[in-house]
Amino acid sequence: MTYGSPNVLFGGKRSVALLAALLAAGPACDLADARTFTGPDADDEPDAMRQAREVSAKRICRACPALALCLDYARSFGPDEGVWAGLTADELREFDLLAGVA
1308 MTYGSPNVLF
1318 GGKRSVALLA
1328 ALLAAGPACD
1338 LADARTFTGP
1348 DADDEPDAMR
1358 QAREVSAKRI
1368 CRACPALALC
1378 LDYARSFGPD
1388 EGVWAGLTAD
1398 ELREFDLLAG
1408 VA
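To convert, take the position in the sequence shown, counting from 1, and add 1307; that gives my numbering.
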């Protein structure tokens, strides 16, 4: 594998396959502003703004046809930030702990 290969950049063959399936399913976030799910580039987002943004992102996720695929994909690489499958990165870590995965 070379550094520039999709397998390295996107977390391995399983993650690449999950991402391809996720994108093929037509995720609802594809039509939304990415910052709704990831936040601003700056690290100083006020808590109230972050919470409102996360509520908006989760609302979009609830109606997403790719929700289950998104959850599998997010769990395959463990994001440090953002909203994935209607869960924040912290909630995903908690989900994995409760599921006995971590």
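Yeah, the Cβ is synthetic: ideal placement off N, Cα and C, and Gly gets one too.
- Each residue's CA atom was taken as its position, placing F1384 and P1372 some 21 Å apart.
- Of all alpha-carbon atoms in K1320, E1401, T1343, P1353, the one lying nearest the alpha-carbon of G1389 is that of T1343.
- Straight-line measurement puts the Cα of A1359 at about 23 Å from the Cα of A1375.
- L1399 is not a Cβ neighbour of A1370, given a cutoff of 8 Å.
- By the beta-carbon neighbour count (other beta carbons within 10 angstroms, threshold 16), P1353 is exposed.
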